[in-house]
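**Student:**
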Amino acid sequence: MTLALPSQRQFAQDQAPVQVPPVVSAALTVPLATGEQIQYANLDHAASAPCLSAVQDAVDELLPWYASVHRGAGFASQVSTKVYERARDVLRDFVGARTRDTVVFTRNSTDSLNLLARSLPKATAVVLFDTEHHAALLPWKGPWVRRVQTPASPGDAVIALDAALAAAPIGPRLVVITGASNVTGELWPIEELAAVARRHGARVALDAAQLAPHRPIDIRSWNVDYVVLSGHKLYAPFGAGVLIGRADWLQAAEPYLAGGGATKHVVSWGDRLGVAWSAVPERHEAGSPNVVGVHALAVACKTIAARWADIEAHEIALLHRLRTGLREVPGLTELSIFDGPRVGVVSFTIAGHDAGLIAAALSAEYGIGVRDGAFCAHIATRRLLTKAGSSEQRALRASIGLGTTTEHVDRLVHALRTLVTNGPALNYRLEDGRWVPENDTRPLPSFLID
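full-length UniProt numbering numbers the first residue of the sequence shown as 1 and each following residue consecutively.
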């Protein structure tokens, strides 16, 4: 049985106005706690995006050829090695990197930023805004880390960065900035911030995890030194990320992991070992590479880069529809840093309603996936909640992606208005800190391992 929402309008075209690359979960149906089945409305792309159909096809095509990467004499090994190395060129093109920039494959953006933090020259002064995602906020250590408070506007961000760099000690400097906030989706003034950094002789690292699925990146024209991104946010959920940028600091650093692949040769002198490490990028890619994940990431980037006009039009139309609809929900307040242009991410609070309970009811009663919490950016989220006049510690976030349709957006707006007006239709209880429906008998998929 399929649930028919009472106020759900029929559209001549269920999809957004333009055609975008399809995802494998487009037809996914999920059970409701009320017993019905409904098409899943995934409005949690900012956390993890579904797999592109083109990526699934590419992975299926590669798997029979999967073998060891580098140094393998077998033909399958040669194929896998070619796949892995050619992906570096695809990623370099995707972010507009310089010819001499190195491309180091990692697990995700968090891994990439921790690698960069481990590679900084001694006594590097690091300046960043405290609005950063934890992946960009936490890796930096030492007495010269300066965290600048949330700015009130893009212009204030530029002024605050200028002042922070002017107060930084002489020596190597790094500015860490985000491309798009994972809390509000707002776009940061990358070029202006990079220009300030240049005036003070600082390098710039760009956290593009949230930006990369939504907008083209051009670190060369922006004058950015490093960029990181994650496959799981770029419709390639196979455990690969990347750090792209200037090679010198990475080349001078000790290997991120010690092991095979990072070594040119190892010798024994009695009870001592002598090691000659490889140059970048292999220097920081010890162990068996994730060739499947890297290939998936490259295919996703190539697919997306060929369709930017459609992707942006799709997102702009749905984001406008979403924000317009949310204004009709009683007591709802959008969170914003400086109310600037944004990608398809909207966080909000609803006066008098627990964010976790609303998220649980959206899932159990309407088949909608949103995120509730502080979004791994606790300082930013809680400061924005205070700014919005809320005493809550958690917010709700709806995020748009390639799998989002107009029906998904309208279902969310209808569901929120119903929940705010009438409350949940089911009873809920707290279990390990999360709200769950009482007597929830929804079956799990059969593929789960017992």
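C-beta: ideal position from N, C-alpha, C; glycine also.
1. Return the residue from the list G72, A58, L43 that minimises the CA-CA distance to S288.
2. Compare the C-alpha of H295 against each of V18, N42, V69 and name the closest.
3. Return the CA-CA distance between T406 and N422, expressed in angstroms with no decimal places.
4. Which residue spans inside the region 13 to 47 form an unbroken beta strand (DSSP E) run of at least 3?
5. Are the CB atoms of L211 and G179 nearer to each other than 8 Å?
6. Identify every run of the beta strand (DSSP E) within the region 351 to 419, keeping only runs that are complete inside it and at least 3 residues long; order them along the chain.
7. Taking the alpha-carbon positions, what's the A117 to A136 distance?
8. Relative to the alpha-carbon of A306, which residue among H214, T34, N290 has its alpha-carbon at the smallest distance?
9. Counting only the same chain and skipping the five closest in sequence on each side, list residues whose C-beta sits under 6 Å from that of A160.
10. Does A4 come out as helix, strand or coil in the three-state DSSP assignment?
11. Distance, Cα to Cα, D450 vs L444?
12. Buried or exposed for V275, please, with buried defined as at least 16 other CB atoms from any protein chain shown within 10 angstroms of its CB.
13. Is the Cβ-Cβ distance between L174 and P139 less than 8 Å?
14. So, under 8 Å CB-CB, V176 and V126 are touching, yes? Tell me the CB distance rounded to an integer number of Å.
15. Report the partner residues of L52 according to the DSSP bridge assignment.
16. Smallest Cα separation from G331: which of N290, A388, G293, G340?
17. Just verifying my parser: in three-state terms, what is the DSSP assignment at Y428?
18. Hey, would you say V346 sits closer than 8 Å to E334, going by beta carbons?
19. Drop a sphere of 10 angstroms on the beta-carbon of A167, count the other beta-carbons inside from all chains shown, and report buried for 16 or more, exposed for fewer.
20. Buried or exposed: V280, going by 16 or more other Cβ atoms within 10 Å of its Cβ?
21. Are the region 19 to 26 and the region 338 to 358 touching, with three or more C-beta to C-beta distances below 8 Å?
22. What are the start and end residues of the beta strand (DSSP E) that includes P437?
23. Just to confirm before moving on: does the CB-CB distance between V20 and I311 stay below 8 Å?
24. Using 8 Å as the cut-off, can you tell me whether the region 82 to 90 makes contact with the region 221 to 229, which would need three or more C-beta pairs spanning the two stretches below that distance?
25. Which stretch, first to last residue, makes up the beta strand (DSSP E) that contains L273?
26. Are Y428 and V420 closer than 8 Å when you measure CB to CB?
27. Reducing DSSP to helix, strand and coil, say where T102 ends up.
28. What is the DSSP secondary structure of L335, reduced to helix, strand or coil?
29. Drop a sphere of 10 angstroms on the beta-carbon of R199, count the other beta-carbons inside from all chains shown, and report buried for 16 or more, exposed for fewer.
30. Going by CA-CA distance only, name the one from T404, A360, L32 that's closest to G433.
**Tutor:** If we stick to the structure as given:
1. G72
2. V69
3. 24 Å
4. 29 to 31, 37 to 39
5. Closer than 8 Å, so yes.
6. 371 to 373, 395 to 399
7. If you take the alpha carbons of A117 and A136, they lie about 10 Å apart.
8. Comparing Cα positions, the closest option is H214.
9. V148, P151
10. Unreliable positioning characterises A4 in this predicted model, as indicated by a pLDDT of 40, which lies under 50. The coordinate reading is nonetheless provided below. Looking at A4 - three-state DSSP - the assignment turns out to be coil, as it is neither helix nor strand.
11. 11 Å
12. Exposed: under 16 other Cβ atoms inside 10 Å.
13. no
14. 7 Å
15. Listed as beta-bridge partners of L52 by DSSP are V23.
16. A388
17. strand
18. yes
19. exposed
20. buried
21. no
22. For P437, the uninterrupted beta strand (DSSP E) segment begins and ends at 434 to 437.
23. yes
24. no
25. 272 to 277
26. Their beta carbons are not under 8 Å apart, which means Y428 does not touch V420 by this criterion.
27. Of the three classes helix, strand and coil, the one that applies to T102 here is strand, per DSSP.
28. coil
29. exposed
30. A360
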